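The structure under discussion appears below in the form of structure tokens.
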Amino acid sequence: MKCPSCNTVSKNKAFKNIQKDGKRLEVQCPNCDQWLIIDPTTMKFKFAGFALILLPSLINFFIDDVHYRLILSVIALLGACLAVYGVVRTKLIPIEPSNKNK
Ligand SMILES: [Zn+2]
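In the working numbering, the protein residues as written are 70 to 171.
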């Protein structure tokens, strides 16, 4: 993960200070102490992509029509592309820490 604040690339294990704010996971850059979160937009791409893979796969079990199965396969393929896009574009964005107890 690359810190957008100091441009230092750190391994995931390097982030020792982690705190949860509701559903949001916040991490602190080990180099410049800037608090960061994973860009929520790319997270949406990932979730939407995985949903598009899973749903057509499930529906395929109940449908015998070959044409519908083909369409569902194409949708699942698009979902896979979306998920890969989300994973590749995952980045950290700087935030203000939610609680400042040090
Ligand atoms: Zn940093």
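Beta carbons are placed, not taken as given, at the ideal position from N, Cα and C, and that holds for glycine.
Keep in mind the model is a prediction, meaning the values are calculated, not measured.
Go ahead and pull the three-state DSSP assignment for Pro-163. strand
Let's test the definition: count the other Cβ atoms within 10 Å of the Cβ of Leu-161 and tell me whether it reaches 16, buried, or not, exposed.
Buried, by the Cβ-count rule.
Lining residues of ligand 1 - beta-carbon closer than 6 Å to any non-hydrogen atom, in sequence order: Those residues, listed in chain order, are Cys-72, Ser-74, Cys-75, Thr-77, Cys-98, Asn-100, Cys-101, Gln-103.
Leaving out the 5 sequence neighbours to the left and right, which residues in its chain are closer than 8 Å to Phe-119 when beta-carbon positions are compared?
-> So the list reads Gly-148, Ala-152, once near-sequence residues are dropped.
Spatial neighbours of Ile-144 within its chain, please: C-beta separation below 7 Å, excluding the five flanking residues on both sides.
Only residues of its own chain outside the window of five on either side were considered, and among them Leu-121, Pro-125 have a CB closer than 7 Å to the CB of Ile-144, listed in chain order.
Neighbourhood of Ile-106 by C-beta, 8 Å cutoff - its chain only, sequence neighbours within 5 removed:
The answer, listed in chain order, is Arg-93, Leu-94, Glu-95, Val-96, Leu-161, Ile-162, Ile-164.
Next on the checklist: Starting from Val-156, trace the alpha helix (DSSP H) in both directions and tell me its first and last residue.
Outcome noted: Secondary structure note for Val-156: its alpha helix (DSSP H) is the uninterrupted segment 135-157.
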